[in-house]
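Just so we're aligned: 130 in the numbering used here is position 118 of the sequence shown, and the numbers increase by one with no gaps anywhere.
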Amino acid sequence: MHLTTHNPESTFQLGLALGKKLSPPAFVALSGPLGAGKTLLAKGIAEGVGYPAGEVHSPTFTLMNMYPADQGRKRMYHFDFYRLDSPKDFDGLGLDEFFYDPGAIVLVEWPEKAGSLIPHNALWIHLDFGKSEQERIVRIEGDSA
Ligand SMILES: Nc1ncnc2c1ncn2[C@@H]1O[C@H](COP(=O)(O)OP(=O)(O)OP(=O)(O)O)[C@@H](O)[C@H]1O
Ligand SMILES: [Mg+2]
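Laid out in structure tokens, this is it:
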């Protein structure tokens, strides 16, 4: 599925709608170049899951932020692999514990860096720049059970 958003708010709203529909186990791979809108989309998804977007920040330095289930909300992990480069960087991280957590919603920015570690049933959302400054092309593929 292909769609275009014309401003940051619509990308956020798209995430919000998706987040409301997700239930564990769910894996969402958010790909696209720097500044494409991966984190903004993740914030929308988080808000849809029940975590206020204002409390959601990309884990660029920590690799992962965990949102523990409480108040009826689903557990959520938000990863950002921007700073990892070689497959070796992934050795020993124990990602499977999180990636295959049956009770969690998993969001991953820069998923291609993790290569084959990304589960096969992931929902892939590719973001790209459009013709104008505020335009983004969003391509959604795959299925997260
Ligand atoms: N239609 C749009 N959708 C999403 N973001 C947009 C759009 N138009 C402009 N923007 C701007 O693009 C930027 C997207 O930033 P964001 O941090 O979400 O990108 P990112 O893909 O996570 O980048 P990074 O790879 O650095 O983590 C924001 O400043 C946002 O306001
Ligand atoms: Mg980001």
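Virtual Cβ for every residue (Gly too), placed ideally from N, Cα, C.
As the structure is a prediction and not an experimental result, all values here were calculated from the model.
Within a 10 Å sphere around the beta-carbon of Asp92 sit 16 or more other beta-carbons, which makes this residue buried. For Asp92, the CB falls within less than 7 Å of some heavy atom of ligand 2.
DSSP places Phe93 in no beta strand (DSSP E); its state is neither H nor E. Closest in C-alpha terms to Gly115, from the list Phe24, Ala38, Pro20 and Gln25, comes Ala38. Taking 8 Å as the cut-off, the Cβ atoms of Leu119 and Ala54 count as close. When distances are taken from the beta-carbon of Glu121 to the heavy atoms of ligand 2, the shortest one is below 7 Å.
For Thr51, the distance from the CB to the nearest heavy atom of ligand 2 is below 7 Å. Looking at the DSSP output, Ile152 bridges to Ile137. Ser70 has its CB nearer than 7 Å to a heavy atom of ligand 2. Under the rule that a run must span 4 or more residues, the alpha helix (DSSP H) segments found entirely inside the region 19 to 79 read 20 to 33 and 50 to 61.
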